[in-house]
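S.K.: This is the structure, below, for whatever I ask next.
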Amino acid sequence: MLAKIIRLLVWGAVFFLPEHKRIAIDRRLRGREEFRKLQKSDCVIVSYGKSGRTWLRVMLSRFYQLKHGLPDNSLIAFDNLQAKNRDIPLIFFSHDNYLKDFTGNADSKKDYYQKKVVLLVRDPRDVAVSQYFQWKHRMHPWKKRLNKYPAHDSDISEYEFAMDQNVGLPKIVEFLNLWADEAGKIDQLLVVRYEDMRRDTAKVLTQILDFIGTPATPEEAQDVVNFSSMENMKKMEEKRTFRFSGSRMVPGDRKNPDSYKVRRGKVGGFSDYFDED
C-alpha cells in the first residue's frame, strides 16, 4: 500500500513530463518495490503472466489457511499472512517485469542467484492466448502503455496479438530462454510446468511445499486440490471471495466469462483459436 501511495505522489509530481519519461520513472519505482520484496522474501515464485500464478497463489494460500487456522478468504499478497502467523514464510510472487529497471540487470538473473526460486512455466502458445484476454478485458490502460501492449482500443485478433514482438510469442520465448540460460547459476531453483500441475496437482503441490520448507500431509494436499479446483475458483471469483485482496480474483465484467481471472485453464487451449496454418 505504501509503495502505491509513493507512486501516486511521484506520479502527481511528474504528470507534465513526456510519457516516455513517466513510464521510465514508474517502471523504476515498481522495480525498487520488487527489489525490496525480493530481498526480504523466503521464496520467490516467478512466472510470465498467465502461466498459472493465481491458481498457485490460491493453493498456497489455502494450505496456510489450513495449517494456521486462517479464514477462507485469506489470500497471500506478500507479508499479509505472515503478519497473522510468523511461521508462514514470506513468498514473493513476481512476473519479473520491473526489477531490471531498478537494478540494471536486464541480461541476467543475477538478482535471483542467492534466492530460493520456483519458476512456473507454461506452453507459450497458451500463455499468449490467455494474455490476449487479459489485455482485452482486464488490463488497465496505463499498464498497457507501461509494458508496450497494443493500444487500449486496438481491434486485433488473437493471432495478431500472439505474433506481436513486444507482448506475444517472441517476447514470451525470450523471457523463458533467458531463464533457461541462467538456471544453472541460481542456488535453489525448482522448475514447475503448468501442464504437470494440471496432470497431478497434489503431487506437484507437495513438491513445491517441500521446496519452500513447509511440507504438507496427503490430507492437506487433497483439501487444497479440492479448494482450488477450476469450478470452485470460478465460484469464488463470482462471489468475490477475495475482494479484500485487490482485483486479483475479481471479474472485469460479471456478465462476460472472458473477463474473469479464472477463465479456462485448458492445456492446449490455444488450438481453439488458431487453425493449423
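Numbering (our numbering), first residue to last: 307 to 583.
Ideal Cβ positions, reconstructed from N, Cα and C, are used throughout, including at glycine.
For the candidate residues 461, 450 and 422, whose alpha-carbon lies nearest to that of residue 332?
M.R.: On the sequence shown, position 26 is the one that residue 332 refers to. Here the closest residue by C-alpha is 450.
S.K.: Does the contact criterion of 3 or more C-beta pairs under 8 angstroms hold for the stretch 352-368 versus the stretch 334-342?
M.R.: Result no; under three Cβ-Cβ pairs closer than 8 angstroms.
S.K.: What is the DSSP secondary structure of residue 431, counted as helix, strand or coil?
M.R.: Looking up residue 431 in the sequence shown gives position 125. Three-state result, residue 431: helix.
S.K.: Alpha carbons only, please: which of 346, 368 and 416 is nearest the one belonging to residue 380?
M.R.: Translated into positions along the sequence shown, residue 380 becomes position 74. Ranking the options by Cα distance to residue 380, first place goes to 368.
S.K.: Counting only the same chain and skipping the five closest in sequence on each side, list residues whose C-beta sits under 6 angstroms from that of residue 374.
M.R.: Start at 1 with the first residue of the sequence shown, and residue 374 comes out as number 68. Result list for residue 374: 391, in chain order.
S.K.: Thinking C-beta only, is residue 396 closer than 8 angstroms to residue 497?
M.R.: Residue numbering aside, residue 497 sits at position 191 when the sequence shown is read from its first letter. Residue numbering aside, residue 396 sits at position 90 when the sequence shown is read from its first letter. No, the Cβ-Cβ distance between residue 497 and residue 396 is not below 8 angstroms.
S.K.: DSSP three-state call for residue 494: helix, strand or coil?
M.R.: One-based indexing of the sequence shown puts residue 494 at position 188. It is a strand residue.
S.K.: Taking the alpha carbon of residue 474 as the point to measure from, which residue in 516, 436, 343 and 530 has its own alpha carbon closest?
M.R.: Start at 1 with the first residue of the sequence shown, and residue 474 comes out as number 168. For the residues 516, 436, 343 and 530, the minimum Cα distance to residue 474 belongs to 436.
S.K.: Exposed or buried, residue 434, counting other C-beta atoms within 10 Å across all chains shown (16 or more means buried)?
M.R.: By one-based count along the sequence shown, residue 434 stands at place 128. When all chains shown are included, residue 434 counts as buried.
S.K.: Run through DSSP, which three-state label would residue 350 get?
M.R.: If you number the sequence shown from 1, residue 350 lands on position 44. Reduced to three states, the DSSP call for residue 350 is strand.
S.K.: How about residue 378 and residue 371: are their beta carbons less than 8 angstroms apart?
M.R.: What you label residue 378 is simply residue 72 of the sequence shown in a count that begins at 1. What you label residue 371 is simply residue 65 of the sequence shown in a count that begins at 1. Yes, Cβ-Cβ distance for residue 378 and residue 371 is below 8 angstroms.
S.K.: List in chain order: all unbroken alpha helix (DSSP H) runs of 4+ residues lying wholly within the stretch 333-417.
M.R.: Correct list: 359-374 and 405-409.
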